[in-house]
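Below: the structure, in structure tokens.
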Amino acid sequence: MMSAGVELDRIEKTYGATTTLRAATLDVKPGEFMTLVGPSGCGKSTLLRIIAGLLPQTSGEVRIDGTSIDHLAPRERDIAMVFQSYALYPHMSVAENVATPLKVRRLSRMARLPALGRLLPGQARTRREITDEVRRVADLVEIGPLLERKPAALSGGQRQRVALARAIIRDPRVFLMDEPLSNLDARLRVTMRAEITALHRRLGATFIYVTHDQTEAMTMSSRVAVMMDGTIIQCSTPQGLYEAPEDLRVARFIGSPEINVMASDTVAGWEGGNTRLGQLLQRPLHIAFRPEAVRLSAESAAQTDMLHLSCHIERTERLGHDVLLFLRVLADGAAVTARLPAADFARLDAPGGVLTASLHPADLLAFGANGKRVALPGLTAATNRGLSHVG
Amino acid sequence: MSVETTGAPRAFAPRLRRKRLGAELPGWIAYALAAPSMMLLFLLMLLPIAVMLVMSLTNYRFGDLSYAFVGAENYLDLADDRTFWRALSNTFVYVAIVVPGSVALGLALAVMTTGLRRGRKIYQMIFFLPVTATVVAMATVWKYLLHGTIGPFNLVLQSLGLPAIDFFSDPDLALTGLAIINIWSLAGFNMVLFAAGLTAIPSELYDAAEIDGLSEPLDRFFSVTLPLLGPTTLFVIVTSTITAFKVFDTVAVITRGGPRGSTDVLLYTTYLEGFSYFRMGSAAAMTVVFLAIIMVFALLQTWVLDKKVHY
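Protein chains in written order, with this note's numbering: chain Z, 1 to 391; chain V, 392 to 702.
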């Protein structure tokens with residue numbers, strides 16, 4: 001197995017007047033699990049199809065290990081793809097489905113004819129080799145006992161395993177996966193998530209995985225590329241995306257519940273904070289902070305540097321381990337979401353549903369009017385300690 | 392559930408349940424509701440067939456006021472009737488030409504027109520036109536087109552220095568000529584059925600085939616298109632076979648069974664027997680045979696092919 005790096009160099013795709021991809025640039029390292037994540041319609045599937053060669057790009061270049069592959073047909077690109085709908089051949093048994101990529105490569109067209117093909121001389125050995133390969137790969141994804149069945153007799157999860165086996169058997173340099181878990185139910189999705197990550201580790205191949213589900217992106221990937229409006233706006237490790245989003249859209253897309261976003265003059269009106277923060281908030285900015293950065297107490301503690309907001313609890317959502325609080329700031333009516341462990345919530349005493357929320361200035365992220373991240377100099381030293389409880 | 396109903400007094404509950412329609416209907420209501428359609432089914436479908444079955448056992452002549460039961464005599468006569476056997480074999484030959492021809496042509500038209508980026512609708516409409524045309528009128532046109540002396544088809548052949556072919560005067564060609572007309576009129580219909588089947592093939596399957604290396608058009612056709620059209624193909628074959636068996640109007644308009652009985656087909660012979668020679672008993676017996684053949688074919692095709700086309 002040779003894993004390969006994939007470089008996307010300013011890929012553009014236009015359909016008439018509409019542009020689906022604009023200057024999408026990405027560098028996938030050999031053996032990496034790269035996830036393309038973004039809302040539907042952001043162009044992530046289009047980008048994957050361009051890598052596969054199923055769709056020609058309008059401009060830009062796709063390179064595997066530094067060599068352009070734009071002139072190569074899909075079968076010559078040494079890539080395998082797994083589809084959302086599994087895309088199994090319904091008239092073939094599982095074994096035949098898995099064997100198809102090898103048969104096409106190793107047997108002549110005459111030899112591939114049904115029934116008749118077997119009579120041709122000199123291919124018994126190749127057929128035996130293919131059968132052995134199928135058996136080995138089937139065991140790898142645990143579909144050994146299903147080989148003689150037709151896809152219609154399989155469950156969604158089993159079908160997806162067959163699709164994986166069909167991809168693995170080619171021993172490709174790059175695996176492309178287009179929302180492979182979207183058609184599975186929630187429970188199965190969690191199991192398959194773990195299995196695909198394990199598979200990636202075992203094969204050591206380069207995976208490019210497309211999903212709209214941020215949980216999949218965050219839990220499975222080495223790195224995640226967030227796509228919006230046809231371009232990649234940030235590519236980083238899952239933790240990096242969460243803690244240091246470079247774009248307001250990334251900050252909003254990653255993390256559930258969504259990050260709190262305020263106008264800078266709203267935040268400037270809040271009690272507490274320090275003079276440095278006051279200066280920085282003179283500029284028009286979007287100020288964002290994660291729900292878990294909000295600390296809650298019933299009494300208005302006057303700790304230095306912290307911002308203090310008197311809030312009214314509008315609604316609570318108990319998620320089991322955690323509790324979400326949807327707060328309304330009494331002074332200016334701003335909506336703030338807070339997240340805290342259920343145990344802390346039980347200890348919380350909020351007479352009349354009113355409590356004080358505190359925020360450390362170092363937990364604030366600032367974004368300019370164009371949505372790009374703006375450093376808050378002077379507060380950066382404190383940022384290094386990170387957020388108290390991420391997740 | 393809305394807030395109002397949760398607050399409603401408990402006494403309401405039983406009354407609501409009694410009013411509810413659904414599983415608690417008494418049996419007689421269900422039968423009463425089904426009765427009108429059962430009656431129509433009986434009157435329009437089963438009764439005529441039963442009458443025909445009875446008639447085939449009598450010597451009833453069209454217009455007679457009385458008849459007598461003759462048992463299986465009509466059927467025994469058919470067994471010795473050379474005209475009947477000739478009609479039967481002509482019909483089978485005719486079906487054997489029309490079904491493969493119209494199915495293959497319909498499939499080819501569907502694959503070709505569906506692949507078009509522009510003009511798909513207009514092409515499909517044109518190919519569908521013969522289906523909407525009145526067969527009797529079109530048969531007259533075809534009779535002219537293929538006419539031995541004045542037909543444009545032969546004029547073209549002659550201008551190329553080739554001998555003229557007189558389809559409908561040549562006993563060896565007449566049946567083929569009729570079959571060509573039926574293929575022409577049936578292919579458009581089959582095309583529409585195949586085109587509908589083609590749209591149901593998921594495009595991701597073609598993508599998968601492309602990545603697996605099945606990228607040549609023929610590979611794609613045989614590994615994805617044809618297998619996935621299986622159920623459609625079965626349906627098209629069954630309907631085409633039944634349509635071809637029922638050939639009557641072109642025979643009646645163009646050849647009247649000739650030349651020398653070479654286009655005598657089952658339905659035309661039955662028609663002559665019943666409405667020209669007024670032997671209704673014998674005609675009914677032929678119809679029973681005809682129905683039996685169609686039934687056997689439909690069942691055979693469904694049983695044999697059904698296992699191979701549904702996945």
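We treat Cβ as the ideally placed atom computed from N, Cα and C, and that holds for glycine.
- request: Work out the CA separation of V:I684 and V:F460 for me, nearest whole Å.
  value: Position 69 of the second sequence, counting from 1, holds the residue named residue 460 of chain V. Position 293 of the second sequence, counting from 1, holds the residue named residue 684 of chain V. Each residue's alpha carbon lies about 24 Å from the other.
field: V:M677 (DSSP reduced to helix, strand or coil)
entry: Here residue 677 of chain V is taken as the residue at index 286 of the second sequence, counted from 1. In the structure shown, V:M677 sits in a helix (DSSP, three-state: H, G or I).
- prompt: Cβ of Z:T206 less than 9 Å from any chain V Cβ?
  reply: For this step, residue 206 of chain Z is matched to residue 206 along the first sequence. Z:T206 does not count as touching chain V.
task: Answer yes or no: does any C-beta atom of chain Z fall closer than 9 Å to that of V:E464?
output: Here residue 464 of chain V refers to the residue found at position 73 of the second sequence. Not one chain Z Cβ lies under 9 Å of V:E464.
query: Under the three-state reduction of DSSP, which class applies to Z:T237: helix, strand or coil?
result: For the purposes of this step, residue 237 of chain Z is taken as residue 237 along the first sequence, with counting starting at 1. Z:T237 falls in the coil class under three-state DSSP.
message: Using a Cβ-based criterion (distance less than 8 Å to any ligand heavy atom), does V:I602 qualify as near the ligand FMN?
response: Among the components of this structure there are no ligands whatsoever, and the ligand FMN is therefore not found.
field: Range of the contiguous alpha helix (DSSP H) that encloses V:D598
entry: On the second sequence, position 207 is the one that residue 598 of chain V refers to. Secondary structure note for V:D598: its alpha helix (DSSP H) is the uninterrupted segment 594–603.
- prompt: Which chain Z residues sit within Cβ distance under 7 Å of V:D640?
  reply: Locating residue 640 of chain V in the second sequence gives position 249, counting from the first residue. Chain Z residues near V:D640: none, gap ~39 Å exceeds 7 Å.
Contact between the region 4–12 of chain Z and the region 62–79 of chain Z (3+ Cβ pairs under 8 Å): Using a C-beta cut-off of 8 Å, the region 4–12 of chain Z makes contact with the region 62–79 of chain Z, since at least three inter-stretch Cβ pairs fall below that distance.
message: Less than 9 Å between CB atoms is the rule here; does V:G506 satisfy it with respect to chain Z?
response: Numbered from 1 along the second sequence, position 115 holds the residue referred to as residue 506 of chain V. No, V:G506 lies away from the interface with chain Z (no Cβ there is under 9 Å from its Cβ).
task: Starting from Z:K13, trace the beta strand (DSSP E) both ways and give me its first and last residue.
output: To locate residue 13 of chain Z, count along the first sequence from 1; it is residue 13. Looking at the DSSP string, the run of the beta strand (DSSP E) that includes Z:K13 is 6–15.
message: Quick check on the DSSP output: the beta strand (DSSP E) that includes Z:L325 runs from which residue to which?
response: The residue labelled residue 325 of chain Z in the question sits at position 325 within the first sequence. Counting along the chain, the beta strand (DSSP E) containing Z:L325 begins and ends at 322–329.
- prompt: Hey, Z:A23 and Z:T237 are a contact pair by Cβ (cut 8 Å); roughly how many whole angstroms apart?
  reply: To locate residue 23 of chain Z, count along the first sequence from 1; it is residue 23. To locate residue 237 of chain Z, count along the first sequence from 1; it is residue 237. In fact, because the Cβ distance is near 23 Å, the residues do not count as touching under 8 Å.
Host beta strand (DSSP E) of V:G462 (start-end): If you number the second sequence from 1, residue 462 of chain V lands on position 71. That residue, V:G462, is in no beta strand (DSSP E); it is neither H nor E in DSSP.
Ranges of the alpha helix (DSSP H) found wholly within the region 546–596 of chain V, counting only runs of at least 4: Entirely contained in the region 546–596 of chain V, the alpha helix (DSSP H) runs reaching 4 residues are, in chain order, 565–590.
- request: Quick one: give me the first and last residue of the alpha helix (DSSP H) that V:G497 is part of.
  value: Locating residue 497 of chain V in the second sequence gives position 106, counting from the first residue. Here the alpha helix (DSSP H) through V:G497 covers 473–505.
message: So if DSSP puts Z:S40 in a beta bridge, which residue, or which two residues, is it bridged to?
response: Here residue 40 of chain Z corresponds to residue number 40 of the first sequence, with the count starting at 1. The partner list for Z:S40 (beta bridge, DSSP) is empty, contrary to what the question assumes.
- prompt: Do V:G552 and V:N545 have their C-beta atoms closer together than 9 Å?
  reply: By one-based count along the second sequence, residue 552 of chain V stands at place 161. By one-based count along the second sequence, residue 545 of chain V stands at place 154. No. Outside cutoff.
field: Residues of its chain near Z:E317, where Cβ-Cβ distance is below 6 Å and the 5 sequence neighbours each way are ignored
entry: Numbered from its first residue, the first sequence carries residue 317 of chain Z at position 317. So the list reads L324, once near-sequence residues are dropped.
- prompt: Between the region 36–67 of chain Z and chain C, which residues of the former have CB atoms less than 9 Å from a CB of the latter, in chain order?
  reply: This model lacks chain C altogether; the protein chains it does include are Z and V.
- prompt: Span of the beta strand (DSSP E) holding Z:D399?
  reply: The requested residue 399 of chain Z is not part of the displayed model; chain Z covers only 1 to 391.
field: Bounding residues of the alpha helix (DSSP H) (the contiguous stretch that carries V:M429)
entry: Indexing the second sequence from 1 puts residue 429 of chain V at position 38. Its alpha helix (DSSP H) spans residues 418–432.
- prompt: So which residues on chain Z does V:P593 lean against when the C-beta distance must stay under 8 Å?
  reply: Residue 593 of chain V sits at position 202 when you count from the first residue of the second sequence. Chain Z residues near V:P593: S85, A87.
query: Can you tell which of Z:R136, Z:V141, Z:S108, Z:A138 has the C-alpha that lies nearest to the C-alpha of Z:T126?
result: Numbered from 1 along the first sequence, position 126 holds the residue referred to as residue 126 of chain Z. With distances taken between Cα atoms, Z:T126 lies closest to Z:S108.
- prompt: How far does the beta strand (DSSP E) with Z:G60 in it reach, from first residue to last?
  reply: Along the first sequence, one-based indexing puts residue 60 of chain Z at 60. Its beta strand (DSSP E) spans residues 59–64.
message: With DSSP as the reference, identify every bridge partner of Z:K29, one or two as the case may be.
response: Here residue 29 of chain Z refers to the residue found at position 29 of the first sequence. In the DSSP output, where bridge partners are listed per residue, Z:K29 has none listed.
message: Using 9 Å as the threshold, is the C-beta distance between Z:F175 and Z:M306 below it?
response: Looking up residue 175 of chain Z in the first sequence gives position 175. Looking up residue 306 of chain Z in the first sequence gives position 306. Going by C-beta atoms, Z:F175 is not nearer than 9 Å to Z:M306.
- prompt: How about Z:D265 and Z:L280: are their beta carbons less than 9 Å apart?
  reply: Taking the first residue of the first sequence as 1, we reach residue 265 of chain Z at position 265. Taking the first residue of the first sequence as 1, we reach residue 280 of chain Z at position 280. Not a contact, by the Cβ cut-off of 9 Å.
- prompt: Nearest-angstrom Cα distance between V:T693 and V:P622?
  reply: Your numbering for residue 693 of chain V matches position 302 in the second sequence. Your numbering for residue 622 of chain V matches position 231 in the second sequence. Spanning the alpha carbons of V:T693 and V:P622 requires a straight line of approximately 10 Å.
query: Under a Cβ-count criterion, where at least 16 other Cβ atoms within 10 Å of its own Cβ denotes burial, should Z:R161 be classed as buried or exposed?
result: Stepping through the first sequence from its first residue, residue 161 of chain Z is reached at position 161. Counting Cβ neighbours within 10 Å, Z:R161 comes out buried, since at least 16 surround it.
- prompt: Mind checking V:D655: buried by the 16 CB within 10 Å criterion, or exposed?
  reply: As a working mapping, residue 655 of chain V is identified with position 264 in the second sequence. So V:D655 ends up on the buried side.
9 Å Cβ cutoff, Z:M81 in contact with chain V: The sequence position of residue 81 of chain Z within the first sequence is 81, counting from 1. By this cut-off, Z:M81 is an interface position.
query: Taking the alpha carbon of V:A367 as the point to measure from, which residue in V:F626, V:T449, V:A528 has its own alpha carbon closest?
result: Outside the shown range of chain V (392 to 702) lies residue 367 of chain V, about which nothing can therefore be said.
query: Would you say V:G588 reaches chain Z, if we count a Cβ-Cβ gap shorter than 9 Å as a contact?
result: For the purposes of this step, residue 588 of chain V is taken as residue 197 along the second sequence, with counting starting at 1. Chain Z contact via Cβ: absent.
- prompt: Around the C-beta of Z:V37, are 16 or more other C-beta atoms found within 10 angstroms, so that it is buried, or is it exposed?
  reply: On the first sequence, position 37 is the one that residue 37 of chain Z refers to. Its Cβ being crowded by 16 or more others within 10 Å, Z:V37 is buried.
query: V:P622 touches chain Z at which residues, Cβ-Cβ below 7 Å?
result: Position 231 of the second sequence, counted from the start, is the residue given in the question as residue 622 of chain V. What V:P622 touches in chain Z: nothing, since even the nearest Cβ is about 11 Å away.
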